[in-house]
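Shown next, in structure tokens, is the structure this report addresses.
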Amino acid sequence: MRKAHATFKKSIIEAKRSTYKNFLEKLDFRRDGVKAHKFLSQLNNKKFLRNEPIKKGSKELTSDKDISIAFCGHYARVSNCKPNFIILKCDLKPQQNNNSPDVH
1 MRKAHATFKK SIIEAKRSTY KNFLEKLDFR RDGVKAHKFL SQLNNKKFLR
51 NEPIKKGSKE LTSDKDISIA FCGHYARVSN CKPNFIILKC DLKPQQNNNS
101 PDVH
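So in my numbering the end of the sequence shown lands on 104, straight run, no missing numbers.
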């Protein structure tokens, strides 16, 4: 019984090892960074967080809805900036063509 159990464990370890080796051989870390991070996190028994929590003030936002509302509010504040200069009416007048002959 012990010998059969040891053989069974050994075959499981070899199958895991070959799967791991095949996965790493096919992986391109430049393109598949997220895939590699997820795989390594699973090997280390760590949870792969798709959306990391964001701190806004003293609150920690974790749900998709709260994070999206926070980003929308921030973008609305940032994108509605008024320019620091004033356009004068004289700047809006069409300029005369300098190549035209002078008419007296």
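A virtual CB, placed ideally from N, CA and C, is assigned to each residue, including glycine.
For residue 60, the uninterrupted beta strand (DSSP E) segment begins and ends at 59-61.
Per DSSP, the unbroken alpha helix (DSSP H) holding residue 9 starts and ends at 2-26. Cα atoms of residue 75 and residue 19: separation of roughly 45 angstroms, rounded to the nearest angstrom.
Ranked by how close their Cα comes to the Cα of residue 66, the residues 78, 77, 79, 52 have 52 in first place. Distance from the Cα of residue 43 is smallest, within the candidate group 4, 78, 12, 16, for 16.
Residue 9 and residue 1 have their C-alpha atoms roughly 12 angstroms apart. Between residue 27 and residue 21, the gap from beta carbon to beta carbon reaches 8 angstroms or more. DSSP places residue 38 inside the alpha helix (DSSP H), whose first and last residues are 33-43.
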